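*Asks:* Got a structure for you, questions after.
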Amino acid sequence: MASPNRNPQIRKDTVSNRWVLFSPARARRPSDLKSKSHPNSNNQSECPFCVGHEHECAPEIFRVPPDSGSDWKVRVIQNLYPALCRDLELPSLPHISDPNLNYGDVALSGFGFHDVVIESPVHQVHLSNLSPIEVGEVLLAYKKRIEQLQRHDSIKYVQVFKNYGASAGASMSHSHSQIMALPVIPPTVSTRINSMKEYFDQTGKCSLCEIQRDDLLVDESTHFISIVPFAATFPFETWIIPRYHSAHFHELDGEKAVDLGGILKLMLRKMCLQLNDPPFNFMIHTSPLEVSPLQLPYAHWFLQIVPQLTEVGGFERGTGCYINPVFPEDAAKVLREVKILN
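Numbering (our numbering), first residue to last: -9 to 332.
In structure tokens form, the structure reads like this:
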């Protein structure tokens, strides 16, 4: 429980290079921050993601198991309404030595890939309802698709993300996640890599390998830890971090996928029980597909879960600094104490 007398703090996130204002006066108890909205609910009989409706979807890329007919567990398909188009001409990025380079606005063709991962054939089943092995199969589908996209020389970065609930951006209630492959490296990714480099240059160590604070720990498994980061941008934001040093999510193997599936399921269930099944986003923060040997010692992937409990206002948009009403130590304690009965 947060102390009402605790003074505000401004903390710096050394991974995102972002300042966060912690202001407990803007909230009462951490447990009072519960979702008041509920996920959207599409009509099951009209859902194209359900088993038996495969013909209503955009083209399939692959399914798990392969050639499984109506007994599939996971399907990866093209997005019917893609933000990027895989059929466009490949964009050519201007070189700094190009005498015709315009240093003002730059426009490229919207080439890229936008896929959907259907996580279960059953409409009512959510990711947190699956077993660790089944969640692991979803994670390995991400890995397989990233490895396929990696073969395209023009693709520089692949973002895996999940939107759960209408206010978190989900247009379908059937459990699914998305993968977008971009011909550019997004600025947030570059900032993260550069910030991790700065920490490494100062300490000689990886910033994520060094996280050892027990008061921020929520849970741990053989290969992963889940924490509320020291400068969490949002209330009850959590990170799942590999204990082993790895730059790329797609280096995940079968054993680690099941282990990650277990701790991801646990975190989603804890948030559901404590925060009233909130809408949320999760994002896999991996490294650009091409990483130099010099970057490998400090590039470390992780999975971020953000429950949608507060609004982003003018201060956040204007400054890039966020206000979080819950101190990370308090959020971690609340989540640690949630008991999951199997």
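Note that beta-carbon positions come from the ideal geometry of N, C-alpha and C, so glycine has one too.
All figures in this text were calculated on a predicted structure; none of them were measured in a lab.
From E227, S157, F220, pick the residue whose C-alpha is nearest to that of M273; which is it?
*Replies:* Among E227, S157, F220, the Cα nearest to that of M273 is on E227.
*Asks:* If you draw a straight line from the alpha carbon of K134 to that of A160, how long is it in whole angstroms?
*Replies:* In a straight line, the C-alpha of K134 is about 23 Å away from that of A160.
*Asks:* Need the endpoints of the alpha helix (DSSP H) that N184 sits in, please.
*Replies:* First-last of the alpha helix (DSSP H) with N184: 177 to 193.
*Asks:* Under 7 Å Cβ to Cβ from V115, same chain only, skipping five residues before and after it: list those, please.
*Replies:* If we look at V115 and ignore the five residues flanking it on each side, its Cβ neighbours are S165.
*Asks:* Going by the CB atoms, is the gap between Q298 and H275 shorter than 8 Å?
*Replies:* It is not a contact, given that the beta carbons lie outside the stated cut-off.
*Asks:* Nearest-angstrom Cα distance between L172 and V96?
*Replies:* Each residue's Cα considered, the two are about 16 Å apart.
*Asks:* Go ahead and pull the three-state DSSP assignment for C262.
*Replies:* Of the three classes helix, strand and coil, the one that applies to C262 here is helix, per DSSP.
*Asks:* Are the stretch 274 to 292 and the stretch 182 to 201 in contact at 8 Å, needing three or more beta carbon pairs?
*Replies:* The stretch 274 to 292 is in contact with the stretch 182 to 201.
*Asks:* Can you give me the Cβ contacts of E44 inside the same chain, cut-off strictly under 6 Å, excluding the 5 residues immediately before and after it?
*Replies:* Nothing meets the Cβ criterion.
*Asks:* Could you check what DSSP says for P318 in three-state terms: helix, strand or coil?
*Replies:* Three-state DSSP puts P318 in a helix.
*Asks:* Measure the C-alpha to C-alpha separation of S211 and L256 and round it to an integer number of angstroms.
*Replies:* Between S211 and L256, the C-alpha separation is close to 11 Å.
*Asks:* Quick check: the Cα distance between S414 and C47, rounded to an integer number of angstroms?
*Replies:* Within the shown structure, residues of the chain are numbered from -9 to 332, placing residue 414 beyond reach of any answer.
*Asks:* So, is Y234 buried or exposed, given that buried needs 16 or more other C-beta atoms within 10 angstroms?
*Replies:* Its Cβ having fewer than 16 others within 10 Å, Y234 is exposed.
*Asks:* Indicate the three-state DSSP secondary structure (helix, strand or coil) for I330 in the structure shown.
*Replies:* If DSSP states are grouped into helix, strand and coil, I330 belongs with coil.
*Asks:* So, using beta-carbon positions, are P225 and A322 closer together than 8 Å?
*Replies:* No, Cβ-Cβ distance for P225 and A322 is not below 8 Å.
*Asks:* What number of angstroms, rounded off, separates the C-alpha of D61 from the C-alpha of I51?
*Replies:* Approximately 16 Å, taken between the alpha carbons.
*Asks:* Under the assumption that I169 contacts V125 (Cβ atoms under 8 Å), give the Cβ distance between them as a whole number of angstroms.
*Replies:* Not confirmed; about 16 Å, so no contact.
*Asks:* Consult DSSP for R141 and reduce its assignment to one of helix, strand or coil.
*Replies:* If DSSP states are grouped into helix, strand and coil, R141 belongs with coil.
*Asks:* Give every residue of the same chain whose Cβ lies closer than 6 Å to the Cβ of I123, excluding the five residues on either side of it in the sequence, and list them in chain order.
*Replies:* Contacts found: V248.
*Asks:* From A73, V148, R182, pick the residue whose C-alpha is nearest to that of G100; which is it?
*Replies:* That would be A73, whose Cα lies nearest to the Cα of G100.
*Asks:* Return helix, strand or coil for S35, following the three-state DSSP convention.
*Replies:* S35: helix per DSSP, three-state reduction.
*Asks:* What's the C-alpha gap between T178 and R8?
*Replies:* If you take the alpha carbons of T178 and R8, they lie about 11 Å apart.
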